[in-house]
Each structure stands twice: as C-alpha cells, then as structure tokens.
Amino acid sequence: MKSIFGPVPSRRFGRSLGIDVIPAKSCSLDCIYCESGPTTSLSLTPRPFIDCAEVLEELRAYVRANPRGAEVFTFSSAGEPTLYEPMGELVEAIKKAYPDIPLIVLTNGSLLWKPEVRRALLKADRVAPSLDAVTAEVFRKINRPHPSLEPVQIIDGLRAFRKDYKGRLAIETLLVEGVNDSPDELFAIAEAVKSIKPDKVELNTVVRPPAYAGTRGLGRGAMVRAAAFFSPLDVEIIGVFQAPAIGGSPENLDQRILDTVVRRPCTAEELAASLGVRLELVEQEAGKLQEKRRLTRVSFGGKSFLHPG
Ligand code: SF4
Numbered sequence: 005m006k007s008i009f010g011p012v013p014s015r016r017f018g019r020s021l022g023i024d025v026i027p028a029k030s031c032s033l034d035c036i037y038c039e040s041g042p043t044t045s046l047s048l049t050p051r052p053f054i055d056c057a058e059v060l061e062e063l064r065a066y067v068r069a070n071p072r073g074a075e076v077f078t079f080s081s082a083g084e085p086t087l088y089e090p091m092g093e094l095v096e097a098i099k100k101a102y103p104d105i106p107l108i109v110l111t112n113g114s115l116l117w118k119p120e121v122r123r124a125l126l127k128a129d130r131v132a133p134s135l136d137a138v139t140a141e142v143f144r145k146i147n148r149p150h151p152s153l154e155p156v157q158i159i160d161g162l163r164a165f166r167k168d169y170k171g172r173l174a175i176e177t178l179l180v181e182g183v184n185d186s187p188d189e190l191f192a193i194a195e196a197v198k199s200i201k202p203d204k205v206e207l208n209t210v211v212r213p214p215a216y217a218g219t220r221g222l223g224r225g226a227m228v229r230a231a232a233f234f235s236p237l238d239v240e241i242i243g244v245f246q247a248p249a250i251g252g253s254p255e256n257l258d259q260r261i262l263d264t265v266v267r268r269p270c271t272a273e274e275l276a277a278s279l280g281v282r283l284e285l286v287e288q289e290a291g292k293l294q295e296k297r298r299l300t301r302v303s304f305g306g307k308s309f310l311h312p313g
C-alpha cells in the first residue's frame with residue numbers, strides 16, 4: 005500500500021501532501037456525498053493496515069525529493085483515518101521529524117468517544133472533524149453510519165476532545181439539499197457545534213461527484229442563510245481551491261494524476277495547480293489515460309471531473 009499522495013488541491017489548506025493509511029474504502033460512515041464512492045467496509049475497529057515505519061520512510065523520501073512541495077501534511081483518505089492503529093504513534097513520529105510543517109487530521113469524528121482515539125490526535129496541529137446531523141433520522145440519511153453509532157455519542161466525543169486538545173479545532177458541516185438543510189436541523193446542528201466550542205466552523209456543500217446519485221449541493225444564497233445559524237461562531241463558507249501553480253516536476257505525471265483522483269475526483273485545473281505543472285500537460289496525460297481506460301470524465305455542477313476509469 006502506498007501511503008503518500010499528492011500534493012492535492014485542498015480547498016482549505018492549499019498544497020496538501022496526503023497521508024493515507026486506510027485501504028479504500030474502510031469507514032465508520034457511508035456518506036451519501038462521499039467523493040470516494042460507497043463504503044465497502046463499514047467498521048469501528050482500528051487496524052494496523054500499514055507499518056508505521058513504512059509510512060515514515062515514504063514521507064522522508066518525498067520531502068527529500070521535494071523540499072518545498074507541500075505546505076501541510078494531511079491525514080486524509082478514501083476512508084476514516086482514525087481507523088488506523090497505531091495512529092497516536094504515527095502522529096507523534098511525524099511531528100518529531102517535521103515540527104515546522106503543520107499536521108492536519110481530517111476525520112469524520114465518529115470515533116472520538118473512544119479515549120484512545122482522542123489521545124492519538126492530541127499532537128496534531130489542526131483537527132477537522134465533521135458534524136452533519138444531530139437528529140438520528142437525518143444522521144442515518146446523510147451519513148449512513150455503522151449501526152451502533154448515534155449522534156449524541158459523537159457530539160459527546162467531540163466535546164470531550166475539545167477539553168483536552170490545545171490545537172486548532174475546526175468543525176466541518178456539509179449541507180445536502182433536502183437532507184440536512186431544514187431550519188430545524190440547522191438550528192440543532194448549530195447548537196451542538198456551539199456546545200463543542202470549536203475555533204472555527206467550515207460550512208461545505210456537494211461540489212464533486214457524490215457516492216450516491218441524486219445528492220445535490222446548496223447554492224451560495226442558501227449557504228449564506230445557513231451560516232447565520234452558527235452566529236456568533238467564526239464561520240467560513242468553503243470556496244474552491246485557487247493556489248497558483250508552482251514549479252513542480254512533470255515526472256511520473258500519469259501515476260501522480262491517478263494517485264490523486266483515486267482518492268478524490270479533480271478537475272484538470274485543480275490537478276495542474278496542485279501538481280505544479282501546466283494545464284496542457286495534465287490534459288495531455290489525462291487524454292492518454294482515458295484512451296487506456298484508466299481515467300474517465302464525470303460532469304458535476306457544470307464542471308468536468310477526472311475520475312478513475
Ligand atoms: S465522506 Fe468521509 S466519513 Fe463520509 S463516507 Fe466518505 S470517507 Fe467516510
């Protein structure tokens with residue numbers, strides 16, 4: 005298993021080198037909007053999917069070859085990173101080796117009720133858990149969770165984590181039209197988020213091809229109205245990635261494109277910006293990969309996304 009990918013075009017963090025320690029697609033949830041497709045292994049049990057030393061060696065090799073390639077390291081996968089064991093050991097080793105590069109963990113937050121999962125994330129610079137629903141019915145509809153998960157347990161876990169965690173905590177709420185955007189649910193989510201006391205709230209919506217057909221995002225006006233529920237918290241409506249291209253190498257471009265889109269569908273422009281190469285080169289390689297049926301194009305929201313073939 006290859007554990008380093010990207011850098012990927014993160015809408016929130018710029019050029020983010022992905023650390024993926026979970027095989028696709030093991031998750032505790034099966035969100036209807038997931039960019040990585042439906043969950044194939046719905047689980048709550050952490051496992052040593054890959055050796056810690058192997059991940060560190062891959063990271064070292066990347067940094068040696070691309071000293072300025074990544075602005076941040078981000079645990080992000082086609083799955084839930086806190087299902088990795090030993091997560092705490094790996095987080096600590098990365099921070100020891102690269103104290104100056106911010107380490108971010110994107111998590112669905114659904115396992116933070118476990119004390120050992122909370123402890124594992126304490127040394128990360130930024131933790132961004134999700135909370136999309138508060139009522140059990142909406143939670144089941146949008147997140148399609150493991151049957152033993154309940155929203156109240158997740159919210160309690162998030163509150164407990166906030167008490168011990170000294171880094172930056174940003175809660176992400178993703179809104180799906182007609183699913184979790186009613187005034188009642190928005191009010192309930194906002195109250196729960198306020199009780200967690202995060203540093204920031206990031207309101208997101210469906211902007212890439214979702215796991216389940218018919219899942220639609222909200223328009224700008226609806227997002228602004230939704231943001232008002234979270235006042236006085238610091239709320240950001242997530243925009244699109246706009247980091248400028250840097251002088252990246254076109255070496256192995258076909259493989260790097262595949263490594264990126266297998267985890268998250270991207271437009272050719274996003275790939276060019278994150279991989280630091282000219283758009284024409286991405287289009288050229290994407291065309292060849294399409295001919296070999298290793299890539300395909302999916303239209304969503306008026307954009308063309310490259311997707312594994
Ligand atoms: S969006 Fe995240 S939490 Fe939801 S199914 Fe996909 S990987 Fe799991």
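Sequence positions in the sequence shown follow the working numbering and run 5 to 313. No residue lacks a Cβ here, since even glycine has one placed at the ideal position from N, Cα and C.
Along the chain, which unbroken stretches of the beta strand (DSSP E) at least 3 residues long are found entirely within the region 203-242? 204-209, 239-241
Residues near Leu-48 in its chain [Cβ-Cβ closer than 6 Å; skip 5 each side]: These residues qualify, in order along the chain: Ser-32, His-150.
Is the separation between the beta-carbon of Ile-98 and that of Leu-107 shorter than 9 Å? yes
Evaluate Thr-44 with the Cβ neighbour count: other Cβ atoms within 10 Å of its Cβ, from every protein chain shown; 16 or more gives buried, anything less gives exposed. exposed
So what does DSSP say about Lys-99, is it helix, strand or coil? Helix.
Just verifying my parser: in three-state terms, what is the DSSP assignment at Phe-245? Bear in mind that a pLDDT of 48 at Phe-245, under 50, signals an unreliable position, so the number given afterwards is only what the model happens to contain. Coil at Phe-245, not helix or strand.
On the premise that Asn-112 lies in contact with Pro-90, defined as a C-beta separation below 8 Å, what is that separation, rounded to the nearest angstrom? At roughly 19 Å, the Cβ-Cβ gap does not stay under 8 Å, so Pro-90 and Asn-112 are not in contact.
With a threshold of 8 Å, establish whether the CB of Cys-270 neighbours any heavy atom of the ligand SF4. no
Any contact between the region 222-234 and the region 274-282? By contact I mean 3 or more CB pairs, one from each, below 8 Å. Segments in contact, no.
In the DSSP assignment, what are the bridge partners of Ala-132? Leu-110
Residue from Ala-101, Thr-264, Leu-126, Glu-96 with nearest C-alpha to Leu-279: Thr-264
Going by alpha carbons, who is nearest to Pro-50 out of Val-121, Gly-73, Ala-192? Val-121
Give a yes or no on contact between the region 51-71 and the region 32-42, applying the rule of three or more CB pairs nearer than 8 Å. no
Can you tell me the Cβ-Cβ gap for Val-156 and Ile-175, rounded? I've got them flagged as a contact below 8 Å. The pair is not a contact, with the Cβ atoms about 16 Å apart (cut-off 8 Å).
On the DSSP letters alone, give me the boundaries of the alpha helix (DSSP H) that Lys-292 sits inside. 283-295
Going along the chain, which unbroken runs of the alpha helix (DSSP H) with 4 or more residues stay wholly within the region 142-175? 155-168
Can you have a look at Ser-152 and say buried or exposed, based on whether 16 or more other CB atoms are within 10 angstroms of its CB? exposed
Can you look up Leu-21 in the DSSP assignment and give me helix, strand or coil? Of the three classes helix, strand and coil, the one that applies to Leu-21 here is strand, per DSSP.
Specify the secondary structure class of Gly-182 as computed by DSSP and reduced to three states. coil
Just to be sure I understand the criterion: a residue counts if its Cβ is closer than 6 Å to at least one heavy atom of the ligand SF4. Which residues meet that? Cys-31, Leu-33, Asp-34, Cys-35, Cys-38, Ser-40, Thr-43, Gly-83, Glu-84, Asn-112
Check this for me: beta carbons of Pro-202 and Leu-237, under 9 Å apart or not? yes
Verify the contact flag: Leu-126, CB atom, against every heavy atom of the ligand SAM, threshold strictly below 8 Å. Looking for the ligand SAM in the displayed structure turns up nothing; the ligands present are the ligand SF4.
Roughly how many angstroms lie between the CA atoms of Asn-70 and Ala-140, to the nearest whole one? 46 Å
Taking DSSP as the reference, what is the three-state secondary structure of Phe-191? helix
Taking only three categories from DSSP, how would you classify Lys-6? Look at Lys-6 here: in three-state DSSP terms it is coil, with no helix or strand label.
Glu-96 versus Tyr-88: straight-line alpha-carbon distance, rounded: 14 Å
By a C-beta neighbour count over all protein chains shown, 10 Å radius and 16 as the cutoff for buried, is Phe-165 buried or exposed? buried
Which residues does DSSP list as the beta-bridge partners of Leu-310? Cys-270, Arg-301
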